[in-house]
Structure formats: structure tokens, C-alpha cells
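Asker: Take a look at the following structure, please.
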Amino acid sequence: MAVSKYDMAAASLAEDLGPIAPGEIEGYRASVSLQLRHQGELLAFMRGYLAEVGLPTAIEIGDLTDYFEVRRNNPAFGIKGTTPGNLTLWLFMIARVLAPGVIVESGTFMGSSLFTMRRAVPSAKMYSFDLNFSNLIFKSDTITYRAHDFGTDPVRSESPTDLCYFNDHINNCMRIRQCYERGFKHIVLDDTPDLGEIQAYRFPALPVVAMIAEDKWRDGDTIEWAWQDRRYRYTFRTEHTFGARELIDHCRPIPALRRWTGLQDSTAYYVKLK
Ligand SMILES: C[S@@+](CC[C@H](N)C(=O)[O-])C[C@H]1O[C@@H](n2cnc3c(N)ncnc32)[C@H](O)[C@@H]1O
0 MAVSKYDMAA
10 ASLAEDLGPI
20 APGEIEGYRA
30 SVSLQLRHQG
40 ELLAFMRGYL
50 AEVGLPTAIE
60 IGDLTDYFEV
70 RRNNPAFGIK
80 GTTPGNLTLW
90 LFMIARVLAP
100 GVIVESGTFM
110 GSSLFTMRRA
120 VPSAKMYSFD
130 LNFSNLIFKS
140 DTITYRAHDF
150 GTDPVRSESP
160 TDLCYFNDHI
170 NNCMRIRQCY
180 ERGFKHIVLD
190 DTPDLGEIQA
200 YRFPALPVVA
210 MIAEDKWRDG
220 DTIEWAWQDR
230 RYRYTFRTEH
240 TFGARELIDH
250 CRPIPALRRW
260 TGLQDSTAYY
270 VKLK
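Residue numbers (numbering that gives the first Met the number 0): 0 to 273.
See the structure below:
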């Protein structure tokens, strides 16, 4: 291959300011007024999505400032295996606009999303589910911890704005049925890749809500994918869906925010139940 002699540095308008200490700038740093316009644009985009899914849209710059403060203090934020950065921002804002009396999380692991939602709505009763709490690095006596499956627990919704977040890689459709039976209306389902995204997963929450949202899949449809050096297969079966489609009022994928935040996006859905 020919080596280009073209010197980008000679033509680029980017100034090279020399070495930088680790952590001195988190991603980027913009001038104050530009940063405010950028955050205004982010908030407008997020309000647009909230309106589209029928949620209140009253998020302000103060909520964003609160989120950044919470993120700075979150001891589990950004660690591999925790909820992707941009979904913590969505969870914070969705929890803020709903102001739920009860928040349920299943799939707690290190506690990044738990910490985020705890701080978003300090008054909510919180239930945290995981089968193994040994990795949790944030604990609070304001949270009820349950080391068994949500499906075997008597927890129920207490108000129409209560919120459940699932990041446990367990069948999305079964979680929808379980939420419906317990009276919950608002769910965020994680690990819900569509076809083109599935190779990022070893254990998507099969069948994922993306498979029933648009009526694309038929009984017996099969997908195979490569994850690292192994081949995986899933065969869609109607009986795996627990009749979840009939329980959904509407649902939408939670959009990417990377162009504003530089953080990792998720394959999550907001689901409103009937
Ligand atoms: C991707 S991690 C969750 C990350 C977490 N949201 C965070 O921000 O740290 C998935 C977690 O689901 C848990 N899990 C697996 N099966 C579960 C079940 N049936 N109920 C609850 N949690 C489960 C695993 O033990 C693991 O800790």
C-alpha cells in the first residue's frame, strides 16, 4: 500500500496544544455559551422523545446539571457491564418526569443504574432485584434488596406513574406480563437488540420487545449470530412471548445520545402498558 506523504497537520485547523494529563478533560470542553446551546439542543431532543411516548416533557437545564452531579458521584458509573452511560441519562430524566412512588430495578450488578434512579427521585420506594449482590458497590438503607427473581416477589405498583427497569437479560416478554399482572404501566427494557444489533450480545433478553413491537417475527423464525468466537441461535416461538403484545399500549426504542454526550448508547425500549 502506498504511504501518503500528505501532512494533515499542515492543513488542519486543529491546534496541537501538546501533552495532556489523564482525566484533565472529560471527552471535550467547550466554551461556556456553546456548551449551554449544546445542552439546550440535547434537552430539546430528549423532550421530543418524551412527548412522542406520551410522557411529561418538563426537563430543564437544572435536571441536566443534577444528572451530571449524580454521575460524578456514582461509584459504579462507566464500569464494564453496568448500564450504558446514555441510558443512565434517560433513566434519570424518565424517573424525574414520572416522579414514581415505586421504582423497581431488576439486574442490579454494580449499582450504576440503581444509584442514578435513587438520586433522580429520592422520595420513591425502591426495590432492587438481583440473584447475586456480591458485585454491588453502592448500598443504601433507603432501598429494599431482593435476592430472588422479580417474578416470584409480591411487589405491586402503588401509583399510575410507578417505573420498572429491567437489565437482567431475562425474557422481555415475560417481564411485560409480570409487570402487567402487578399493575405497573411504565417499563424500561434493556438488552433489546433488533436484528442488526444482536451480534453485540451473548444473552439478549429473548424474545426481546423489538421482536414483537412491529409484528415482524413469525413463529419458527430463526436467527443465528456470532458473539466473540461462538455461534448462537434463537428460534422465535409465540409461546415465549406470554401474550405480551396484547398488553402493550405503545413502545419505542430509546434513542441514541452519543453525538451530544460522547457516551455509550443502549438497545433499550420504553414500554407503556395498557
Ligand atoms: C448487565 S448486569 C446489570 C447492570 C446494572 N444495571 C448496573 O448498572 O450495574 C445484569 C445483572 O442481572 C443479574 N441477573 C441475572 N438473572 C437475574 C434475575 N433473574 N433477576 C435479577 N437479576 C438477574 C446478574 O446477576 C447481573 O448482575
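Backbone N, C-alpha and C define an ideal beta-carbon position, used for all residues, glycine too. A quick note: this is a predicted structure, and the numbers were derived from the prediction, not measured.
Give me the residue from Arg257, Ser127 and Ile211 with the minimum Cα distance to asparagine 170.
Answerer: That would be Ile211, whose Cα lies nearest to the Cα of asparagine 170.
Asker: In terms of DSSP beta bridges, what is threonine 225 paired with?
Answerer: Looking at the sequence itself, residue 225 is alanine, so the reference to threonine does not match. According to DSSP, which records beta bridges pairwise, alanine 225 is partnered with Arg230.
Asker: Output the distance between the C-alpha atoms of leucine 97 and aspartate 161, rounded to the nearest integer angstrom.
Answerer: Taking the straight line from one Cα to the other gives about 7 Å.
Asker: Select from Gly110, Ile136 and Asn134 the residue whose C-alpha is nearest the C-alpha of leucine 126.
Answerer: Going by the sequence as given, residue 126 is tyrosine instead of leucine. Closest by alpha carbon: Gly110.
Asker: Assess contact between the region 135-152 and the region 68-83, defined as three or more Cβ pairs (one per stretch) separated by less than 8 Å. Is contact present?
Answerer: Segments in contact, yes.
Asker: Give a single yes or no on whether alanine 225 has its beta carbon closer than 7 Å to a heavy atom of ligand 1.
Answerer: Every heavy atom of ligand 1 is 7 Å or more from the Cβ of alanine 225, so no.
Asker: Below 8 Å on the Cβ atoms is my contact criterion, and I expect phenylalanine 241 with glycine 219 to pass it. Report the Cβ-Cβ distance as a whole number of Å.
Answerer: That pair is no contact at about 18 Å.
Asker: Kindly provide the ranges of any beta strand (DSSP E) runs that are 3 or more residues long and lie completely inside the region 167-230, ordered along the chain.
Answerer: Within the region 167-230, the complete beta strand (DSSP E) runs of at least 3 residues are 185-188 and 221-226.
Asker: Got a sec: does ligand 1 put a non-hydrogen atom nearer than 7 Å to the Cβ of histidine 239?
Answerer: No; taking the cut-off as 7 Å, the Cβ of histidine 239 has no heavy atom of ligand 1 nearer than that.
Asker: Whole angstroms is fine: what's the gap from aspartate 6's alpha carbon to cysteine 250's?
Answerer: Whole-angstrom Cα-Cα distance: 50 Å.
Asker: With a threshold of 7 Å, establish whether the CB of phenylalanine 67 neighbours any heavy atom of ligand 1.
Answerer: No, Cβ of phenylalanine 67 sits at least 7 Å from all heavy atoms of ligand 1.
Asker: Any heavy atom of ligand 1 closer than 7 Å to the CB of aspartate 152?
Answerer: For ligand 1, not one heavy atom lies less than 7 Å from the Cβ of aspartate 152.
Asker: For a test of your reading of the model: does the CB of alanine 75 fall under 7 Å from any non-hydrogen atom of ligand 1? Yes or no.
Answerer: Alanine 75: yes, Cβ under 7 Å from ligand 1.
Asker: My understanding is that leucine 272 touches isoleucine 247, with C-beta atoms under 8 Å, so please give their C-beta distance in whole angstroms.
Answerer: Correct: roughly 6 Å between the Cβ atoms.
Asker: Looking at the structure shown, is threonine 260 part of a helix, part of a strand, or coil, going by DSSP?
Answerer: DSSP places threonine 260 in helix when its eight states are reduced to three.
Asker: The alpha helix (DSSP H) with serine 32 in it runs from where to where?
Answerer: Unbroken alpha helix (DSSP H) run through serine 32: 31-51.
Asker: Among Gly80, Arg176, Ala267 and Ala20, which has the Cα closest to the Cα of glutamate 238?
Answerer: The residue with the shortest Cα to Cα distance from glutamate 238 is Arg176.
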